[in-house]
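**Student:**
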Amino acid sequence: MRTPSLAPDLRESIAARMRGTPQRLTPNREALLAVLVAARRPITISEIVALDDSLATSTVYRNLTVLEELGVVHRVITNGEFAHYELAEDLTEHHHHLVCSNCGAVDDVKASPKLEQSVRDAAREIARRTGFRTERHLLDLIGRCSRCA
Numbered sequence: 691m692r693t694p695s696l697a698p699d700l701r702e703s704i705a706a707r708m709r710g711t712p713q714r715l716t717p718n719r720e721a722l723l724a725v726l727v728a729a730r731r732p733i734t735i736s737e738i739v740a741l742d743d744s745l746a747t748s749t750v751y752r753n754l755t756v757l758e759e760l761g762v763v764h765r766v767i768t769n770g771e772f773a774h775y776e777l778a779e780d781l782t783e784h785h786h787h788l789v790c791s792n793c794g795a796v797d798d799v800k801a802s803p804k805l806e807q808s809v810r811d812a813a814r815e816i817a818r819r820t821g822f823r824t825e826r827h828l829l830d831l832i833g834r835c836s837r838c839a
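Numbering (my numbering), first residue to last: 691 to 839.
Put into structure tokens, the structure is as follows:
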């Protein structure tokens, strides 16, 4: 099954990142990115191939590496057997992850405005004490998903 194409504004944002590099937005890369958008959560390479059987596993591996280097794709590290991939947050919206320590499943979750403000406050305090300037933050909650709990 082939997934729908990328929305024009997202396609242009990704193409703009590739300008000035030797890379371009090929049909396979566009199909791969469309799968990531449609999944609405971080997914593994085997899930990508299952969702679009026109994509070969080797093609997905190669293209994910390139797209990650360009900052288009983000790899979510788990203690599971397989990495999970999603579009880079600045191409979507700010979120965090729930990572199952048993099965390796990864789901997106939005934090409350109160928690986000606490993180910003903590980052400002750390900057005041250390001089470290935070560019962005990631919050992965590690535990057991409802299926493994």
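Every residue gets a Cβ at the ideal spot worked out from N, C-alpha and C, and that includes glycine.
From the DSSP output, which residues share a beta bridge with E776?
**Tutor:** Answer is H764, bridged to E776.
**Student:** Just the Cα atoms here: how many angstroms apart are S695 and R818?
**Tutor:** 45 Å
**Student:** Between which two residues does the alpha helix (DSSP H) harbouring D742 extend?
**Tutor:** Run containing D742: none; DSSP gives neither H nor E here.
**Student:** Going by C-alpha to C-alpha distance, which of D811, L726 and I767 sits closest to G794?
**Tutor:** I767
**Student:** Roughly how many whole angstroms lie between the Cα atoms of M708 and S808?
**Tutor:** 35 Å
**Student:** Going by DSSP in three states, L828 sits in which element: helix, strand or coil?
**Tutor:** If DSSP states are grouped into helix, strand and coil, L828 belongs with coil.
**Student:** Can you grab the Cα-Cα spacing for the pair A724 / P803, in whole Å?
**Tutor:** Near 29 Å, if we compare the C-alpha coordinates of P803 and A724.
**Student:** On the CB-based measure, 16 or more other CB atoms within 10 Å of its CB, does H784 come out buried or exposed?
**Tutor:** In this structure H784 is exposed. Its beta-carbon is surrounded by fewer than 16 other beta-carbon atoms within 10 angstroms.
**Student:** Find out if the Cβ-Cβ distance for the pair V840, A697 is shorter than 9 Å.
**Tutor:** For residue 840 there is no data in the structure shown, the boundaries of the chain being 691 and 839.
**Student:** Check whether the Cβ atoms of D811 and P732 lie closer than 9 Å to each other.
**Tutor:** no
**Student:** Below 8 Å on the Cβ atoms is my contact criterion, and I expect V750 with V739 to pass it. Report the Cβ-Cβ distance as a whole number of Å.
**Tutor:** 6 Å
**Student:** Could you name the residues of the same chain whose beta carbon sits closer than 8 Å to that of E776, not counting the 5 residues immediately before and after it, in chain order?
**Tutor:** L726, A729, R731, P732, I733, V763, H764, V766, T782 and D798
**Student:** Keeping to the same chain, check which residues put their C-beta closer than 6 Å to that of L788; ignore five residues upstream and five downstream.
**Tutor:** The answer, listed in chain order, is D797, V799 and L831.
**Student:** Please work out which residues of its chain come closer than 6 Å, Cβ to Cβ, to C838, disregarding the five sequence neighbours upstream and downstream, and give them in chain order.
**Tutor:** C790, N792 and C793
**Student:** If I measure Cβ to Cβ from L745 and keep anything under 7 Å in the same chain, skipping five residues before and after, which residues do I get?
**Tutor:** Answer for L745: N718, A721, L722, I738 and V739, listed in chain order.
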